[in-house]
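Enquirer: Read left to right, the sequence shown gives residues 68 to 711 (our numbering).
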Amino acid sequence: MNGPHAAPARPAQGYAETYASWQADPDAYWLDMAKAIDWIKPPEKAFDASAGIYGRWFPDATCNTCFNALDRHVRDGRGDQAALIYDSPVTGTKASYTYAEMLDEVATLGAVLEDLGVAKGDRVIIYMPMVPEAAFAMLACARIGAVHSVVFGGFAAKELATRIDDAEPKVILTATCGIEPTRVVEYKPLLDGAIEMARHKPQACVVLQRPQVDASMHATRDKNWRTLVAAAKAAGRKAECVEVAATDPLYILYTSGTTGRPKGVVRDNGGHMVVLKATMDQLFDVGPGEVMFCASDVGWVVGHGYIVYAPLIQGATSVLYEGKPVGTPDPGAFWRVIAEHGAKVLFTAPTAFRAIRKEDPEGKHLAGHDLSCFKALFLAGERADPETLKWAEALLQVPVIDHWWQTESGSPIVGDPLGLGLLPVKHGSSTVPLPGWDVQCLDEGGRQVEPGTMGAIVLKLPLPPGALTTLWNDDKRFREAYLTTYPGYYNTSDAGFIDADGYVFIMGRTDDIINVAGHRLSTGGMEEVLAAHPAVAECAVVGIRDALKGEQPCGFVVLKAGATVTPEQVEKELVALVRERIGPVAAFKLALTVARLPKTRSGKILRATMKKIADGEDYAVPATIEDLTVLGEIGTALKGRGIG
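1. Pick helix, strand or coil for W89, following the three-state DSSP scheme.
2. Is it true that the CB of L597 sits closer than 8 Å to the CB of G622?
3. If the criterion is Cβ atoms closer than 8 Å, does the pair P634 and L641 meet it?
4. Quick check on P620: does DSSP put it in helix, strand or coil?
5. Can you name, in chain order, every residue of its own chain whose Cβ lies under 7 Å from the Cβ of L530, other than the five neighbours on each side?
6. For Q515, list the residues DSSP reports as bridge partners.
7. On the CB-based measure, 16 or more other CB atoms within 10 Å of its CB, does H72 come out buried or exposed?
8. Whole angstroms are fine: how far does the CA of D505 sit from the CA of H285?
9. I think M15 touches K225, with their Cβ atoms under 8 Å apart; what is that distance to the nearest whole Å?
10. Do the stretch 493-509 and the stretch 86-98 make contact, defined as three or more Cβ pairs closer than 8 Å?
11. Let me check understanding here. Comparing Cα to Cα, which of Y376, T229, I319 and L588 lies closest to A345?
12. Kindly identify the DSSP beta-bridge partner or partners of N540.
13. Considering T703, what are the terminal residues of the alpha helix (DSSP H) in which it resides?
14. Going by other Cβ atoms of all chains shown within 10 Å of its Cβ, with 16 needed for buried, is P398 buried or exposed?
15. Taking Cβ positions, are G390 and V358 nearer each other than 8 Å?
16. For L550 and E475, which I take to be in contact (beta-carbon distance under 8 Å), what is that distance rounded to the nearest angstrom?
17. Please go through the same chain and pick out, in chain order, the residues whose beta-carbon is closer than 6 Å to the beta-carbon of G370, but skip the five residues on each side of it.
18. What are the complete alpha helix (DSSP H) segments, minimum 4 residues, inside the stretch 601-679?
19. For P236, which residues of its own chain have a beta-carbon under 6 Å away from its beta-carbon, when the five flanking residues on both sides are left out?
20. What are the start and end residues of the alpha helix (DSSP H) that includes V393?
21. Assess, as a yes-or-no matter, whether the stretch 302-313 is touched by the stretch 328-337 under the definition of 3 or more beta carbon pairs within less than 8 Å.
22. Contact defined as beta carbons within less than 8 Å: I believe L387 pairs with P199. What is the distance between those atoms, to the nearest angstrom?
23. In whole angstroms, what is the alpha-carbon distance linking L257 and T294?
24. Are the CB atoms of V609 and M521 within a distance shorter than 8 Å?
25. Helix, strand or coil: how does DSSP classify N582 here?
26. From L176 to Q80, what does the alpha carbon distance come to, in whole angstroms?
27. Out of Y318, V173, I672 and T631, state which residue places its alpha-carbon closest to the alpha-carbon of L45.
28. Can you list, in chain order, the residues of its chain whose CB lies under 6 Å from that of A282, leaving out five sequence neighbours each side?
29. On the CB-based measure, 16 or more other CB atoms within 10 Å of its CB, does N540 come out buried or exposed?
30. Per DSSP, I440 forms a beta bridge with which residues?
31. Below 8 Å between beta carbons: does that hold for V274 and V238?
32. Grab the span of the alpha helix (DSSP H) containing L170 for me, first residue to last.
33. Reducing DSSP to helix, strand and coil, say where A22 ends up.
34. What would DSSP say about I710, mapped onto helix, strand or coil?
35. Would P491 be called buried (16 or more neighbouring beta carbons within 10 Å of its own) or exposed?
36. Is the stretch 699-707 in contact with the stretch 639-658, if contact means three or more CB pairs nearer than 8 Å?
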């Protein structure tokens, strides 16, 4: 590895100067940012426009992400500093791991994976709850050059099976259960079911037995996590860091596709490290030795970036929280964690704050918690409504920073840069594009619209370091999904506007991906489940406004003629079916039987119009509608449930 790491001083320039320096010479800007990373072979070239689909960053460099997250900090004297704090109110457990202790755990687990035959480029699926071992697993893969794919523990067997078939993992790392405030979710039966369904079969499954559930083990395939780790420690086995190209994949993260088939977003090693380090300095303003509390899940991109990788690359301390914003035990849970662990910033979804506000509107649970260490609240994952933002500002008396990004971007695109100097707040706006991102608003013909005019939010190519490089084994789909609609731009599938000051307002999705409590979910995937019910003739799922979760899915179903089951029974069965096949994460609780669906004369279901009726918004009757009276029927059905 190259010389001792010395983190650059905090940004001396403000936002305008930094953004202008990137615009003036992107290559020089990113090569300068790359100096904050320890490379095996440092980059001499920033960007190769001829490589990959839209170009590749740091094409001549080699590195190791785990070395940058752990080894270099131990080398540079941070070995005794806390790297990861585990706080689990659902189990009553707390633990802290120093950088030296975490390095020991990760290097040992890396050796276990190597002993199971995992090598550079092999895939490993991680199907884990919020426990320290989930972070160890990600870093152990990075250490040996394996490509990890973390699957959120709330996903059902069918969803997991599709990811197994796409990623074709050599090994799966899992635990016996995840723990919710009111129930224990057994993972092992879901995993066993997924492997049975999947065409691809992993060579081994390493199972972390949690005290709450002792799962049965497959005689030849399943291995006991603790037994393997203990044996490796006893034998003094530790994996060394494997040299990988900066352009080699670090992970695959599946995100909902508009067809219901998941898309495997591919993240590289080098660009990812560079941009995460930059965001810690420029946006979050969390430095080495400071504490970051990201209340997300490692199954989402936020958890990948800002629970595991970014804080550790920065030499900060990360809080891994296994709990909820309310109910574990009360709406003061976040305040306790911040005060107890000295968190400088909290990063969570607006849904969490809507839940806290609903349970404790006057903020009484804040009393008794010393938040003098706390400097800012960051919200992302869905649109942060102005009322929730204002409530949080008044309660906490610190900046509340709404910022916007996607699984595909890998890091924030738009935000109010705390580390470069806060800009004036406009409630409802995520503020301004961060250095590296050229955000524009286009009409359907690909022309820029006037300031303040709604349009498609797009990103001018090339995308900066850390953005997705392609979809796993599917370059064609990557081009079709993101690059063909607006040539020269990446299509975010988000709609909104940019005002005269350059502030970006993200207003909603332009496709059938809905945002439920910060989780991107495909309505197309839910429709597939509803349509599988024997009594259902046709269906449509739309995301309707929800005061707590942002959106909730609502399924409209038309029963087959002669169906003998009652509408009430079908609706109940459909809710259970979505829970079984997609998982509780879908939050599907509303199925509505209707006589027919509104359609165009060509047979297209008018989902956007149905959504507007449900949300109580004015709508223009589409000129191509087949039968105008059906819209009234939809409105009546919704009002019968108190909606619209």
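Each residue gets a CB set at the ideal place from its N, CA and C atoms; glycine is no exception.
Expert: The short version:
1. Looking at W89 - three-state DSSP - the assignment turns out to be helix.
2. Cβ distance < 8 Å, so G622 and L597 count as in contact.
3. In this structure, the beta-carbon distance from P634 to L641 does not fall below 8 Å.
4. DSSP, reduced to helix, strand and coil, places P620 within a strand of the structure shown.
5. Once the five neighbours on either side are set aside, the close Cβ partners of L530 are Y121 and Y557.
6. According to DSSP, Q515 bridges with L509.
7. Unreliable positioning characterises H72 in this predicted model, as indicated by a pLDDT of 38, which lies under 50. A coordinate reading is not provided.
8. Spanning the two alpha carbons is a distance of roughly 51 Å.
9. The structure shown does not extend to residue 15, since the chain is modelled only from 68 to 711, so the question has no answer here.
10. A contact exists between the stretch 493-509 and the stretch 86-98.
11. Residue Y376 is the option with its Cα nearest to A345.
12. Bridge partners of N540: none, in fact.
13. That run of the alpha helix (DSSP H) goes T696 to K706.
14. Counting other Cβ atoms within 10 Å of its Cβ, P398 reaches 16 or more and is therefore classed as buried.
15. Going by C-beta atoms, G390 is not nearer than 8 Å to V358.
16. Not a contact, Cβ separation roughly 12 Å.
17. Excluding the 5 residues flanking it on each side, G370 has same chain C-beta neighbours closer than 6 Å at S363 and D364, in chain order.
18. You should have 634-648.
19. Cβ neighbours of P236 beyond the five flanking positions: R190, V191, I192 and P269.
20. V393 -> no alpha helix (DSSP H), and no H or E assigned at all.
21. By the Cβ rule, the stretch 328-337 counts as touching the stretch 302-313, because three or more pairs are nearer than 8 Å.
22. Correct: roughly 6 Å between the Cβ atoms.
23. If I take the Cα positions, the gap works out to 23 Å.
24. With contacts defined as CB atoms closer than 8 Å, M521 and V609 fail to qualify as a contacting pair.
25. Note: N582 maps to strand in three-state DSSP.
26. The alpha-carbon of L176 is positioned some 41 Å away from that of Q80.
27. Because the chain here runs from 68 to 711, residue 45 falls outside it and cannot be looked at.
28. Closer than 6 Å at the Cβ level, and outside the excluded window around A282, lie T243 and K255.
29. Residue environment analysis places N540 among the exposed positions, since fewer than 16 neighbouring C-beta atoms fall within 10 angstroms of its C-beta.
30. For clarity, residue 440 is Cys in the given sequence; the question names Ile instead. According to DSSP, which records beta bridges pairwise, C440 is partnered with nothing at all.
31. With contacts defined as CB atoms closer than 8 Å, V274 and V238 fail to qualify as a contacting pair.
32. For L170, the uninterrupted alpha helix (DSSP H) run begins and ends at Y166 to D182, by DSSP.
33. In the structure as shown, the chain starts at 68 and stops at 711, and residue 22 therefore has no counterpart that could be examined.
34. Note: I710 maps to coil in three-state DSSP.
35. Classification for P491: exposed.
36. At 8 Å Cβ cutoff, the stretches do not touch.
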